[in-house]
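Protein sequences appear in the order of chains A and B. Just so we're aligned, residue 266 is where the first sequence starts under this note's numbering, counting upward by one. Just so we're aligned, residue 266 is where the second sequence starts under this note's numbering, counting upward by one. Ideal Cβ positions, reconstructed from N, Cα and C, are used throughout, including at glycine.
There are 2 protein chains.
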Amino acid sequence: MDRERLVDETLMLLPTLMRLVERPSPVETGEISRRGVATDVQVSPGHIQVLIALTRGPHSVGQLAEELDVSPPAATQLVDKLAEHGMVDRHNDPEDRRVVLVDYVDGMHEVARRIVEDRRRPLEDAMSKMTDREALAFVKGLRLLAESFAAEDE
Amino acid sequence: MDRERLVDETLMLLPTLMRLVERPSPVETGEISRRGVATDVQVSPGHIQVLIALTRGPHSVGQLAEELDVSPPAATQLVDKLAEHGMVDRHNDPEDRRVVLVDYVDGMHEVARRIVEDRRRPLEDAMSKMTDREALAFVKGLRLLAESFAAEDE
DNA sequence: GCGGTTTATATAAGCAGCTTAAATTTATAG
DNA sequence: CTATAAATTTAAGCTGCTTATATAAACCGC
């Protein structure tokens with residue numbers, strides 16, 4: 266098969282997709298405002314990642330950095346903004362007072378679920394046009410690509 | 266099938282993949298320096314997109330902006346940098362002197378091919394671990410996702 | 001042909017999200 | 001009990017985008 270064409274198409278598609286994903290959707294901020302959170306909230310993909318990670322329980326800043334594959338300062342920043350908007354809370358780990366545990370503010374679990382839900386919509390739309398096999402292959406491809414690029418810079 | 270899990274995994278994977286793709290690979294800049302172009306060249310994904318687009322012939326700045334789905338100033342910037350490094354050239358379209366046609370500098374076609382080749386490597390690695398069906402499904406997924414996100418902001 | 005509008009590009013200013021380097025606080029080890 | 005290491009934060013800086021504005025060329029109705 267002509268892999269070369271597929272590779273080139275991916276090289277063209279990926280950055281464009283990246284820009285689209287980053288591009289703040291006006292709909293989204295509208296949705297959020299309707300829920301009583303500040304109108305001008307900017308939920309970036311990184312923030313969504315944090316919100317999703319927290320559904321699996323509280324995380325330290327370092328764990329978040331590792332899970333998202335960003336530097337610790339970047340994780341701090343993400344948490345900062347979510348905390349500003351009252352979505353998450355920091356408290357010290359009693360076991361090791363250096364670590365900062367991040368968790369949802371009481372009651373915000375549900376709000377987070379709905380914010381993530383908004384972000385999920387375009388993905389669900391896209392996946393609805395794939396067969397099960399295709400959807401699985403797509404996610405597998407993302408995983409392989411992430412591994413491959415990660416391997417590149419050691 | 267459990268699409269919800271796939272969607273969530275994608276929401277976690279995509280931003281991380283984006284960061285990895287953006288992350289300048291030290292190897293790459295080294296490769297480039299060996300070819301006589303300045304050592305500190307930073308070939309971003311956007312620049313790669315331009316180089317690939319130009320393999321299909323000269324493009325106006327506006328055409329590049331449209332093809333990469335970026336604003337015209339962003340396209341100007343991308344061309345600026347490639348021109349600084351002597352990769353591409355601007356000349357006026359004789360048919361319409363407002364449009365700036367961008368094309369490879371004489372002899373740089375081959376250099377561009379090799380620069381793109383470097384960028385292609387991690388993708389080829391990843392795709393080598395997929396079946397033909399999977400590779401096709403993966404690219405189809407990227408296309409669908411791009412369409413879906415593009416549809417979101419009108 | 002001639003003013004007024006549209007189109008293609010460029011310049012300017014600004015912002016978001018990352019990075020590395022340095023500072024701070026707490027834990028650990030000898 | 002001091003020296004070192006680890007977790008987080010602060011600070012500074014860079015890149016790649018954006019919108020708003022400027023400039024030059026083309027087009028259009030008359």
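CB contact flag (F414/B, P387/A, <7 Å) = In the second sequence, residue 414/B corresponds to position 149, counting from 1. In the first sequence, residue 387/A corresponds to position 122, counting from 1. Contact: yes.
Span of the alpha helix (DSSP H) around R408/B = Counted from its first residue, the second sequence places residue 408/B at position 143. Annotation for R408/B: the continuous alpha helix (DSSP H) segment containing it runs D397 to E417.
Tell me, please, which residues DSSP counts as bridged to R355/B.
-> Stepping through the second sequence from its first residue, residue 355/B is reached at position 90. Per DSSP, V367/B.
Return the chain-ordered list of same chain residues with a C-beta closer than 8 Å to the C-beta of L366/A, the five sequence neighbours on each side being excluded.
-> On the first sequence, residue 366/A is found 101 positions in, with the first residue counted as 1. Only P323, H324, S325, R355, H356, N357 and D358 meet the Cβ criterion.
Hey, P280/B and Q314/A are a contact pair by Cβ (cut 8 Å); roughly how many whole angstroms apart?
-> Residue numbering aside, residue 280/B sits at position 15 when the second sequence is read from its first letter. Residue numbering aside, residue 314/A sits at position 49 when the first sequence is read from its first letter. About 6 Å; that satisfies the 8 Å criterion.
For T275/B, return the contacting residues in chain A, with the cut-off set at a CB-CB distance below 7 Å.
-> Mapped onto the second sequence, residue 275/B falls at position 10. Ordered by position in chain A, the residues that pass the 7 Å Cβ test against T275/B are L388, V404 and L407.
Contacts around G311/A, its chain only, beta-carbon distance under 8 Å, and the 5 residues preceding and following it disregarded | For this step, residue 311/A is matched to residue 46 along the first sequence. Contacts found: L333, V335, A339 and L343.
For D361/B, which beta-bridge partners are listed by DSSP?
-> Indexing the second sequence from 1 puts residue 361/B at position 96. Bridge partners of D361/B: D358/B.
Cβ of L260/A within 7 Å of Cβ of A391/B?
-> Nothing can be reported for residue 260/A, as the shown portion of chain A is limited to 266 through 419.
R384/B classed as buried or exposed, judged by whether at least 16 other C-beta atoms fall within 10 angstroms = Here residue 384/B refers to the residue found at position 119 of the second sequence. Result: buried.
Examine chain B for any beta-carbon lying closer than 7 Å to the beta-carbon of R363/A, and answer yes or no.
-> Working through the first sequence from its first residue, we reach residue 363/A at position 98. Output row for R363/A: interface = no.
The alpha helix (DSSP H) spanning M283/B covers which residue range?
-> Taking the first residue of the second sequence as 1, we reach residue 283/B at position 18. DSSP places M283/B in the uninterrupted alpha helix (DSSP H) bounded by R268 to E287.
Who does H324/B pair with in a DSSP beta bridge?
-> Here residue 324/B refers to the residue found at position 59 when the second sequence is read from its first residue. DSSP lists V367/B as partners of H324/B.
Mark G295/B as exposed unless 16 or more other C-beta atoms lie within 10 angstroms of its C-beta, in which case mark it buried.
-> Position 30 of the second sequence, counting from 1, holds the residue named residue 295/B. Any reading at G295/B needs caution, since the residue's pLDDT is 47, under 50, leaving its predicted position unreliable; the model's value is listed next. Note on G295/B: under 16 other CB atoms within 10 angstroms of its CB, so exposed under the neighbour-count rule.
What residues of chain A sit near M331/B, judged by a beta carbon separation below 7 Å?
-> The sequence position of residue 331/B within the second sequence is 66, counting from 1. Residue 331/B is actually Glu in this sequence, not Met. For E331/B, no chain A residue has a Cβ inside 7 Å of its Cβ, as the nearest lies near 11 Å away.
Integer-rounded CB distance, given that A400/A should sit under 8 Å from L271/B = Position 6 of the second sequence, counted from the first residue, corresponds to residue 271/B. Position 135 of the first sequence, counted from the first residue, corresponds to residue 400/A. Sure, about 6 Å apart at Cβ, within 8 Å.
Using a Cβ-Cβ distance under 7 Å, would E382/A count as near chain B?
-> Residue 382/A sits at position 117 when you count from the first residue of the first sequence. Judged by the 7 Å Cβ criterion, E382/A is not in contact with chain B.
Roughly how many angstroms separate the alpha carbons of M277/A and V381/B, rounded to a whole number?
-> Indexing the first sequence from 1 puts residue 277/A at position 12. Indexing the second sequence from 1 puts residue 381/B at position 116. Rounded to whole angstroms, M277/A to V381/B spans 11 Å at the Cα level.
Taking the C-alpha atoms as reference points, what is the distance between D289/A and A416/B?
-> Within the first sequence, numbered from 1, the residue matching residue 289/A stands at position 24. Within the second sequence, numbered from 1, the residue matching residue 416/B stands at position 151. This sequence places Pro at residue 289/A; Asp is not what is there. Looking at the backbone, the Cα of P289/A and that of A416/B are separated by about 13 Å.
Rounded separation between S309/A and E360/B - CA only | As a working note, residue 309/A is residue 44 in the first sequence. As a working note, residue 360/B is residue 95 in the second sequence. Approximately 43 Å between the Cα atoms of the pair.
How would you write the range of the alpha helix (DSSP H) that K346/A sits in, first residue to last?
-> Along the first sequence, read from residue 1 onward, the residue named residue 346/A stands at position 81. DSSP places K346/A inside the alpha helix (DSSP H), whose first and last residues are P337 to E349.
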